[in-house]
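Below you'll find the structure, written out as structure tokens, and then a few comments.
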Amino acid sequence: MTLSGLIYAALSMQEVQMHTNQTNLSMTAVVSESTQLSYISEGDWLLYNGEIFDGLEVEVSTNDGSALFERLVECKGDATCLVTMLDSLDGPFAVVFYSAASQTVFCARDPLGRRSLLVLVRQDCVLITSCVPQHLQAKSWQEVPTDVILTFDIQQRAPFTITKIPRRGPTQITTELPISLAADTSLEQAARALLASLRAATRARCTSLARERSVAILFSGGLDCTTLALLADEYIHPSRPIDLLNVAFENPRTVSLAKSASRQWDVPDRLTGLATLTELRNRRPNRDWRFVAVNVPFAEYQSHVSTVLELMFPSNSVMDLSIAIALYFASRGIGQLQARDGSSQPYTSESRVLLSGLGADEQLGGYARHRRAFDLGTISQSPAEPSERNHASSKQDWLALVQELQLDLDRIGHRNLGRDDRVISSHGKEVRFPFLAANVISALANTPVNLKCNPALGPGIGDKLVLRYAARELLGLQHASKLPKRAIQFGARTAKMDSSKEQGHHVVVQQ
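Our numbering applies: residue 225 is where the sequence shown begins, and numbers increase by one.
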């Protein structure tokens, strides 16, 4: 199996051995297709997989990997310097850097964990990779933590020990509480500020592409991805299409409910996606919006499960698989191109950069647990439903909501973006997250909580309140702005593909 972006470094005793097996993922227009992801100079070396959008001055004729290597070398192995420099970068990255000056190896991921990096410590060596081949898979593999930088001295003798250097903590959300819930002018100002930061983030993630390249959107037709599609339209060259990748699975538990073969793929995300496609075409009629219906028969799902399980390792739960396999097929981009007249033809997306709306729900109160925390006046620790408590909101309710949002923001770096990177990069593609750009996170963290969401208004209205306002009033997305949150495993129907008795936390058992 070919694994794109694979980084493998074996550091055994006092000898450094490196092997890279990689597919170039750099999308900068000035970078050639053969640009390497490893850099070596006077004993220092860097293995790098990522994109830096801010925090690093990059000359027009230089790629970000070369510029990053120069900055790392300048630190001369000083850990404080390295931590400060890496924490100043905005963008997804995984780095393994060896400083000859200190004879120390440094391993780090971006604070949100958007690039995969795994480590296995043995008595005689340390193995570091972005994706573990099946013959090396063992229980002891772990994701490199995002809140520390791992270091080890290659002069030490076995057994190896790794030092963890703390990094800057997550952004803190303002605890400013609402004075008045009727502050429409404040909501409009917050919506304009959010759109300004999202525009800057989307521009940075689109304009680094060569003119002949385009982007694709991981597209459910929901509020978050539709907003990004409309913003991407502002920065992608007018002659280029924008692919909308919409995935649907033949789930044996539900396929019998389809009244005809033509409705076999009418999963929730397909229906929503087609409805929102009409809205995009009406709002931006000059863009070639290409709706790619990625239809996955159950037999094809079964034939790829083992591949996806290998890619997503060490993630191994039923929920991991249901999300990872949806991303695997969606990012592959092979499907049917839906024409305006309803006809379709085979199509393969050539876009290597994908945009995802992930990060909006976490920061804007898009999950049921946010509403539960608000209704119960405490962070979610119980499966109790919000309906168990019905009273006017208080300061305690808003503080509980802020605390729940902070927990979600803190957890992003410990979630499964590394898993998603391993799956998507297997197709030689990468995903970018405008909602997780540093400027967007900062803007939302400083927005009063009642402008971000107001659970008292109910689902589809109060959740992601400021984004819904921006989409409706400032972008004209009347349909998409009203859509409720739906997880991909339910929208594409990958949940419980093999058994209705499966629970999300169960470990996958291969047949």
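Note that CB positions come from ideal geometry on N, CA and C, so glycine has one too.
Source: prediction; values computed, not measured.
N- and C-terminal bounds of the alpha helix (DSSP H) containing residue i
i	result
Pro492	492 to 507
Trp622	619 to 635
Lys676	673 to 676
Asp644	641 to 649
Thr451	447 to 456
Asn663	662 to 669
Arg596	592 to 600
Supposed contact pair residue j and residue i - C-beta distance, whole angstroms, cut 8 Å
i	j	result
Thr450	Ala704	4 Å
Glu503	Leu701	6 Å
Leu737	Tyr322	Coverage of the chain is limited to positions 225 through 735, which leaves residue 737 absent and any answer about it impossible.
Val516	Asp565	That belief does not hold up - the Cβ atoms of Val516 and Asp565 are roughly 17 Å apart, past 8 Å.
Asn540	Val731	5 Å
Asp544	Ser340	About 13 Å; that fails the 8 Å criterion.
Gly557	Gly497	The pair is not a contact, with the Cβ atoms about 15 Å apart (cut-off 8 Å).
Separation of residue j from residue i, as counted between CA atoms
i	j	result
Pro679	Leu351	46 Å
Leu374	Ser290	22 Å
Leu579	Leu280	22 Å
Gly601	Ile685	20 Å
Asp371	Val343	15 Å
Val664	Thr671	11 Å
His615	Ala554	Note on His615: pLDDT 48, under 50, position unreliable in the model; the coordinate value appears next. Taking the straight line joining both Cα atoms gives about 43 Å.
Tyr459	Trp513	14 Å
Ile648	Arg696	31 Å
His638	Pro335	9 Å
Ala667	Val491	35 Å
Ala499	Asp493	10 Å
Val673	Ala453	26 Å
Arg505	Glu474	28 Å
Pro390	Gln327	20 Å
Ala318	Cys331	8 Å
Asn245	Leu270	For Asn245, the pLDDT reaches just 44, beneath the cut-off of 50, and the residue's location in the model is therefore unreliable, although a value from the coordinates is still provided. Rounded to whole angstroms, Asn245 to Leu270 spans 14 Å at the Cα level.
Ser312	Arg416	26 Å
His594	Leu625	6 Å
Arg508	Ser527	39 Å
Gln260	Val320	Per-residue confidence for Gln260 stands at a pLDDT of 47, beneath the threshold of 50, marking its modelled position as unreliable; the derived number appears in the next sentence. Cα to Cα, the separation comes out at about 14 Å.
Thr431	Leu698	23 Å
Leu641	Ala548	10 Å
Thr252	Ala425	For Thr252, the predicted model reports a pLDDT of 30, less than 50, meaning its position is unreliable; a value from the coordinates is still stated below. Computed Cα separation, rounded: 16 Å.
Asp268	Ala362	30 Å
Leu501	Phe443	10 Å
Leu495	Val520	16 Å
Gln627	Val542	29 Å
Gln347	Val307	27 Å
Ser421	Leu360	43 Å
Ser611	Asp634	Below a pLDDT of 50, predicted positions are generally treated as unreliable, and Ser611, at 41, falls in that range; no measurement from the model is reported.
Asn248	Thr395	Any reading at Asn248 must be qualified, since the residue scores a pLDDT of 34, below 50, and its modelled position is unreliable; no value is offered.
Arg423	His651	28 Å
Beta-carbon spacing of residue i, residue j below 8 Å
i	j	result
Asp632	Glu574	no
Val185	Ala550	Here the chain comprises residues numbered 225 to 735, so residue 185 is not present and cannot be evaluated.
Val368	Arg333	yes
Leu469	Ile441	yes
Arg429	Phe522	no
Val690	Lys676	yes
Leu629	Gly581	no
Gln560	Tyr552	no
Pro462	Ser438	no
Pro538	Trp365	yes
Gly301	Gly274	no
Phe376	Val329	yes
Leu419	Ala694	yes
Ala584	Asp448	yes
Leu433	Val297	no
Leu623	Thr399	yes
Limits of the unbroken beta strand (DSSP E) element including residue i
i	result
Glu654	654 to 656
Val343	342 to 345
Gly274	268 to 274
Val518	513 to 520
Phe321	317 to 323
Phe376	372 to 377
task = Please determine if the segment 374 to 381 and the segment 648 to 663 are in contact, where contact requires at least 3 C-beta pairs separated by less than 8 Å.
result = Between the segment 374 to 381 and the segment 648 to 663, the count of C-beta pairs closer than 8 Å stays below three; the two stretches do not touch.
message = Quick test of the definition: if touching needs 3 or more C-beta pairs under 8 Å, does the segment 354 to 365 touch the segment 522 to 539?
response = The segment 354 to 365, when compared against the segment 522 to 539, does touch it at the 8 Å Cβ threshold.
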